[in-house]
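Peer 1: Counting from 82, one number per residue, gives the positions in the sequence shown under the working numbering. Glycine residues also receive a C-beta, built at the ideal position from the N, C-alpha and C atoms. In this text, all values refer to a predicted model and were calculated from it rather than measured experimentally. I have a structure I would like to understand better, so I am pasting it below and will then ask my questions one at a time.
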Amino acid sequence: MVRLLCVASLLGYASAGWTGALGLTFESNKPVEAKSLFCPSGFITGIRVKYGRTRDEDRDLYDFKLKCGQRWTSWSGLWFKNELEDKTYECPAKMYVTGIEVKRGRREWGDKDTYDFKLQCSGVWQDFMGMKFGGQQEQAGTECPSGEGTSGLKVFRGFVDWGDKDLYEFELNCKSIAANLASIRGLPDLKMLGLQRNVLVWDGEQLGAWLEALGLGDLAPSFLHHNVNGGTVFLLTEEHLRDLGFSVVGDRLYFIELLTQLCGIAETPRHGPRRAGDEMSEPASPRDGGAHGTGTTTSSRGRARSACSSRRTRCRRFGRSASRCSRRRGASRTCARCSRLWGSRSTLSCSSSTGSRATCCST
Numbered sequence: 082m083v084r085l086l087c088v089a090s091l092l093g094y095a096s097a098g099w100t101g102a103l104g105l106t107f108e109s110n111k112p113v114e115a116k117s118l119f120c121p122s123g124f125i126t127g128i129r130v131k132y133g134r135t136r137d138e139d140r141d142l143y144d145f146k147l148k149c150g151q152r153w154t155s156w157s158g159l160w161f162k163n164e165l166e167d168k169t170y171e172c173p174a175k176m177y178v179t180g181i182e183v184k185r186g187r188r189e190w191g192d193k194d195t196y197d198f199k200l201q202c203s204g205v206w207q208d209f210m211g212m213k214f215g216g217q218q219e220q221a222g223t224e225c226p227s228g229e230g231t232s233g234l235k236v237f238r239g240f241v242d243w244g245d246k247d248l249y250e251f252e253l254n255c256k257s258i259a260a261n262l263a264s265i266r267g268l269p270d271l272k273m274l275g276l277q278r279n280v281l282v283w284d285g286e287q288l289g290a291w292l293e294a295l296g297l298g299d300l301a302p303s304f305l306h307h308n309v310n311g312g313t314v315f316l317l318t319e320e321h322l323r324d325l326g327f328s329v330v331g332d333r334l335y336f337i338e339l340l341t342q343l344c345g346i347a348e349t350p351r352h353g354p355r356r357a358g359d360e361m362s363e364p365a366s367p368r369d370g371g372a373h374g375t376g377t378t379t380s381s382r383g384r385a386r387s388a389c390s391s392r393r394t395r396c397r398r399f400g401r402s403a404s405r406c407s408r409r410r411g412a413s414r415t416c417a418r419c420s421r422l423w424g425s426r427s428t429l430s431c432s433s434s435t436g437s438r439a440t441c442c443s444t
């Protein structure tokens, strides 16, 4: 009767998006512990499991955390002590979790309950994690429907005094892959974030708020440390992104695409276009007798504006260096030297910096 009540309780948790319990043996004469883990965006790409055991109570304790994209969640918060084992499994390459299978073992001598786990990654079953295991009793699994991936895990733990049994049950939360891709490829609403459309005037904190909305908040301190703001973010090259913490090629390409979209909605300055000869001019600084001392900031924004325009109308690929463009377009060596100083830049930037007639990245 106790077991039937517990199973009915678990099935009651099932709702839209949840797969329902795996169907493992589950019962408890103590309050059932239940913990949920979710990815704030994207899908689960890995799992970490730790195992502990208490000698006095003969309790077999497991706790879990998820990898969401490139970042790990915190532990689920199940009661835990005396760690004996810690294992991690991550899906290969850019694959994500679409199913899970669990096997349960029991050794009556010592009242020891053990579990092992394996993941299905993008429809392909992987190997078991290799947790300490013995005396297999049963095995059960579940997977998301076609076209969906996992974004959450729910864990239940029950305990039966007679025999000191620790029993676990699991279910997955699934969501549409197409809907997720549509949401992560779109830019967050700047108005909702309280940000101006003129990206060039954002300070480091405002740029950090934008990164947080993209799910890249953990990289915001690096941007602040390197003094990257709205006036300089469009000047970043792939090498710069690597230094800022984008260690994976796919992540750099993703951020490149986002910057290109952001560049397209950035507000055009209201004072109208400048003459070609004025694009890189700098107002006088206080040292030169100027009144406001804004020369460096204005120059930086001018360069960012030029780089932003250049990405849309010339190279068409963010991060391509001027030297690579020169090999395709026949630009002069002067432009290549400019690229080492400034990265991917417009014709005007190169010619203004070096005084040459370079045609770097021109169409």
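Do Gly215 and Gly191 have their C-beta atoms closer together than 7 Å?
Peer 2: Contact: no.
Peer 1: Could you spell out the range, first to last residue, of the beta strand (DSSP E) harbouring Ala115?
Peer 2: Here the beta strand (DSSP E) through Ala115 covers Glu114 to Phe119.
Peer 1: Looking only at its chain, what residues have a beta carbon closer than 6 Å to the beta carbon of Lys131, apart from the 5 residues adjacent to it on each side?
Peer 2: Excluding residues within five positions, the ones whose Cβ falls inside 6 Å are Asp144, Glu164 and Asp167.
Peer 1: Locate the beta strand (DSSP E) running through Gly233, then write down its first and last residues.
Peer 2: Glu229 to Val241 is the span of the beta strand (DSSP E), which, as asked, contains Gly233.
Peer 1: For the pair the region 234 to 252 and the region 143 to 162, tell me if three or more CB-CB distances fall below 8 Å.
Peer 2: The region 234 to 252 vs the region 143 to 162: in contact.
Peer 1: Would you decide whether Thr100 is buried or exposed? Buried here means 16 or more other CB atoms lie within 10 Å of its CB.
Peer 2: With 16 or more other Cβ atoms within 10 Å, it is buried.
Peer 1: Between which two residues does the beta strand (DSSP E) containing Glu138 stretch?
Peer 2: That residue, Glu138, is in no beta strand (DSSP E); it is neither H nor E in DSSP.
Peer 1: With DSSP run on the structure shown, which of helix, strand or coil describes Arg188?
Peer 2: In this structure, Arg188 counts as strand in the three-state DSSP scheme.
Peer 1: For Ser303, which of helix, strand or coil comes out of DSSP?
Peer 2: Three-state result, Ser303: helix.
Peer 1: Bridge partners for Thr223 per DSSP, in chain order?
Peer 2: Ile181, per the DSSP bridge assignment.
Peer 1: Check whether the region 169 to 186 and the region 201 to 215 are in contact - that is, three or more C-beta pairs closer than 8 Å.
Peer 2: Cβ pair count under 8 Å is three or more, so yes.
Peer 1: Name the two residues that bound the continuous alpha helix (DSSP H) containing Leu292.
Peer 2: First-last of the alpha helix (DSSP H) with Leu292: Gly285 to Ala294.
Peer 1: Alpha carbon to alpha carbon, how far is Leu300 from Glu250?
Peer 2: Approximately 36 Å between the Cα atoms of the pair.
Peer 1: Return the CA-CA distance between Lys162 and Phe327, expressed in angstroms with no decimal places.
Peer 2: C-alpha separation (whole angstroms): 35 Å.
Peer 1: Distance check for Leu343 and Thr231, CA to CA, integer angstroms please.
Peer 2: C-alpha separation (whole angstroms): 29 Å.
Peer 1: Pull up the CB-CB distance for Ser109 and Val241, whole angstroms please, since I reckon it's below 8 Å.
Peer 2: 6 Å between Cβ atoms; contact.
Peer 1: Identify which residue in Leu105, Lys111, Met210 and Arg188 has its Cα closest to the Cα of Arg129.
Peer 2: For the residues Leu105, Lys111, Met210 and Arg188, the minimum Cα distance to Arg129 belongs to Met210.
Peer 1: Helix, strand or coil for Glu252 per DSSP?
Peer 2: Three-state DSSP puts Glu252 in a strand.
Peer 1: Which residues share a DSSP beta bridge with Phe145?
Peer 2: Val130, per the DSSP bridge assignment.
Peer 1: How many angstroms separate the CA atom of Leu334 from the CA atom of Glu320?
Peer 2: Leu334 and Glu320: Cα-Cα distance of roughly 12 Å.
Peer 1: Is it the case that the region 307 to 318 contacts the region 279 to 292, given that we only count it when at least three CB pairs across the two stretches are under 8 Å?
Peer 2: The region 279 to 292, when compared against the region 307 to 318, does touch it at the 8 Å Cβ threshold.
Peer 1: Return helix, strand or coil for Thr313, following the three-state DSSP convention.
Peer 2: In the structure shown, Thr313 sits in coil (DSSP, three-state: anything other than H, G, I, E or B).
Peer 1: Any idea what DSSP makes of Phe198, helix, strand or coil?
Peer 2: Note: Phe198 maps to strand in three-state DSSP.
Peer 1: Which of helix, strand or coil does DSSP assign to Lys272?
Peer 2: The answer is helix: DSSP assigns Lys272 an H, G or I state.
Peer 1: Can you give me the C-alpha to C-alpha distance between Ala259 and Ser227, rounded to a whole angstrom?
Peer 2: Approximately 11 Å between the Cα atoms of the pair.
Peer 1: Taking the alpha-carbon positions, what's the Gln287 to Phe119 distance?
Peer 2: Each residue's Cα considered, the two are about 27 Å apart.
Peer 1: Among residues of its own chain, excluding the 5 on either side of Trp160, which ones have a beta-carbon nearer than 6 Å to its beta-carbon?
Peer 2: Contacts found: none.
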